[in-house]
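In what follows, a single structure is set out as structure tokens and then discussed.
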Amino acid sequence: MFAAEAARRLQASVKLFVTRRQMFTVGSFRPQSRQVVRLGAHRDGRLTPTSTRS
């Protein structure tokens, strides 16, 4: 909201910078999720997904 109001008042583009920690508390709420990915590998080093679960 602060960045939007600043842009309106200045009639110019503004950038909002946040730290990594702030990314989880600023903006829209995103519920916690856990994702599991199992990987396999070919002998030449290529990775292949074997299963994913959200």
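Per the working numbering, residue 80 is the first one in the sequence shown, and the count goes up by one each step.
Beta carbons: idealized from backbone N, C-alpha and C, even for Gly.
Remember, predicted model here, so these are calculated numbers, not experimental data.
Separation of Q111 from A120, as counted between CA atoms: CA-CA distance, A120 to Q111, rounds to 29 Å.
Boundaries (first-last residue) of the alpha helix (DSSP H) holding L126: Following the DSSP letters along the chain, one finds L126 in no alpha helix (DSSP H) but inside the beta strand (DSSP E) bounded by residues L126 to R132.
Simplified DSSP assignment, three categories, for R87: R87 falls in the helix class under three-state DSSP.
Rounded Cβ spacing between A86 and V97 (contact assumed at less than 8 Å): Contact between A86 and V97 does not hold, since their C-beta atoms are separated by about 16 Å, which reaches or exceeds 8 Å.
Beta-carbon proximity check, S133 vs R117, cutoff 7 Å: No. Outside cutoff.
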